[in-house]
Structures are given as structure tokens and as C-alpha cells.
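Novice: Once you've had a glance at the structure underneath, I'll fire off some questions.
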Amino acid sequence: MATKTAQKRLTKEFVAMQQDPPPYVWAMPEEKNILTWNFLIRGPPDSPFAGGEYHGVLLFPPEYPFKPPGIKMFTPSGRFYPDKKICFSMSDFHPASWNPAWSVATILTGLLSFMLSDEMTTGSVTTTDAYKRNAAAKSHRFNLESSKFKEAFPDYCTFLMRDLPNMGQKDRGKPDILEDAGKGAVVRPNSNADDPARNGAPAAPASPTTWRQLLYEKWRLCAFIALAVIVSRFSSRG
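Following the working numbering, the numbering of the sequence shown begins with 13 at its first residue and continues without gaps.
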């Protein structure tokens with residue numbers, strides 16, 4: 013059962029996720045248990061996971077945000093073992109490096125960055141890029157056959173894969189990440205007026221460096237914060 017602190021914090025983070033979702037990720041808590049969040053990750057373009065849709069879960073402890081969550085991915089990806097806990101710096105495998113300032117958005121951005129790397133750890137597997145691309149092509153069909161996915165994301169149980177709210181761009185009046193970094197044309201999801209395909213013009217490809225640069229900057233910030241926390245703890249002990 014969630015503490016009042018965890019309840020308040022996770023409610024606030026749900027609102028933040030709705031208002032400003034990070035690129036290529038989406039998450040929401042279960043209706044009956046705010047400590048369990050289902051998430052979706054979409055494979056960024058120009059990666060072996062392009063076109064993939066990956067469903068997983070964040071398992072928050074009642075003591076959140078003072079303790080980190082457990083993380084699992086259900087959809088086969090060629091990167092992680094399905095339904096096995098994933099070890100990385102923001103998961104419950106590393107409570108000493110956890111920073112209470114980190115949020116659902118921070119965790120999922122870090123997970124995506126880790127997913128795109130070649131680092132091996134508990135819960136990860138080694139496969140070829142061809143295997144990952146094949147898994148990405150089959151991912152949505154796998155999810156449609158999963159009862160967990162259908163229960164968590166009924167709005168995404170469509171024959172054609174739906175875009176997440178932020179497919180590498182920031183709307184709602186904010187500067188567009190892809191446009192600023194790559195100066196490429198951007199197709200905004202669910203917008204007929206801005207959809208080049210609907211207007212008879214081909215969409216220009218997004219710059220492959222855009223999402224990598226964004227994730228790298230966020231990941232570097234998280235690593236710096238973690239290092240500062242560790243140094244602070246050692247200093248206080250001395």
C-alpha cells in the first residue's frame with residue numbers, strides 16, 4: 013500500500029506525464045494500484061528497435077520516492093529477457109545510487125537510453141541487430157495477443173500501431189526537438205493539417221542525431237546527479 017508521500021508524488025508525476033510526455037515513452041498507473049505503472053517504449057528511428065512497441069512495468073515500493081522501482085519489460089526486444097527484472101542505475105538493483113529527485117519520466121528516458129546501448133547486465137541479452145529488427149516488426153502483434161497489454165492499454169489495441177503522444181517532438185506550444193536539432197520536417201501525430209502524407213507531400217526524415225542527443229543529455233544529467241549523491245554520502249560519513 014502506498015504511503016501518502018508516494019501517493020502524492022506519483023499523482024503529480026501522472027499529471028506531468030500527461031502534460032509533457034518524454035520522447036518515445038508513455039506510462040500510466042494501474043487504476044487500482046498507483047504503485048504499479050505500465051509503460052510503452054517506441055523504438056526510435058535509425059535504431060535496431062525502429063518500429064517496435066515495447067510494453068513493460070514499473071514496480072514502485074511504498075517508500076517511493078526514497079527507494080527506486082523494479083523494472084520489467086514484457087515484449088520481446090532482443091535486448092532484455094521478457095518478464096525479468098532489469099538491472100540498471102535507476103532500478104531497485106542500485107538503491108545506493110538512487111536519487112529521490114528522479115521521476116517516472118527520468119526513469120523511462122534512462123531505460124530507453126540504456127536499451128539503445130550495448131551494456132550488459134542482469135536481465136539483458138545479446139542478440140544481433142537483425143534479430144532486434146525482426147523482434148521490432150513482431151512486437152505489436154505480440155502485444156495484441158497479450159492480456160496484460162490489452163488490460164493496460166486498451167486504446168492501443170488497434171490493428172495499426174498508434175503513435176505515442178510524443179514521437180520525438182514537443183508540441184503544446186514548445187519548441188520542437190527534432191526541428192531545432194536536425195532542422196528536418198516533423199509529422200505531428202493526430203494532426204491532419206500538419207500531416208504531409210494527407211496533403212500529398214512526402215515527409216522528410218528526422219535527423220538520426222536528434223533523439224540520441226536528447227537522450228544522451230538527459231542520461232548525462234542523471235549520471236552527474238547520482239555521482240553527486242554518492243560523493244555526498246561518503247563525505248557525510250567522514
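We put the beta carbon where it would ideally sit given N, CA and C, even for glycine. None of the values given here were measured: they were computed from a predicted structure.
(1) For the region 44-111, which segments carrying the beta strand (DSSP E) assignment without a break, of at least 3 residues, lie completely within its bounds, in sequence order?
(2) How many Å lie between Lys97 and Leu123 at the Cα?
(3) Just grab the DSSP bridge partners of Glu131 for me.
(4) Look up Ala39 in the DSSP assignment and say whether it is helix, strand or coil.
(5) My understanding is that Gly68 touches Lys84, with C-beta atoms under 8 Å, so please give their C-beta distance in whole angstroms.
(6) Helix or strand or just coil, what does DSSP make of Ala28?
(7) Contact defined as beta carbons within less than 8 Å: I believe Phe51 pairs with Leu70. What is the distance between those atoms, to the nearest angstrom?
(8) Spatial neighbours of Pro88 within its chain, please: C-beta separation below 8 Å, excluding the five flanking residues on both sides.
(9) To the nearest angstrom, report how far apart Gln31 and Gly135 are at their CA atoms.
(10) For the candidate residues Ile46, Phe26, Ala62, whose alpha-carbon lies nearest to that of Lys144?
Specialist: The answer reads as follows:
(1) 45-54, 65-71, 82-85
(2) 12 Å
(3) None; Glu131 has no bridge partner.
(4) Reduced to three states, the DSSP call for Ala39 is strand.
(5) 6 Å
(6) The three-state reading of DSSP puts Ala28 in helix, counting H, G and I together.
(7) 6 Å
(8) These residues qualify, in order along the chain: Pro94, Ala147, Lys150, Ser151, Phe154.
(9) 32 Å
(10) Ala62
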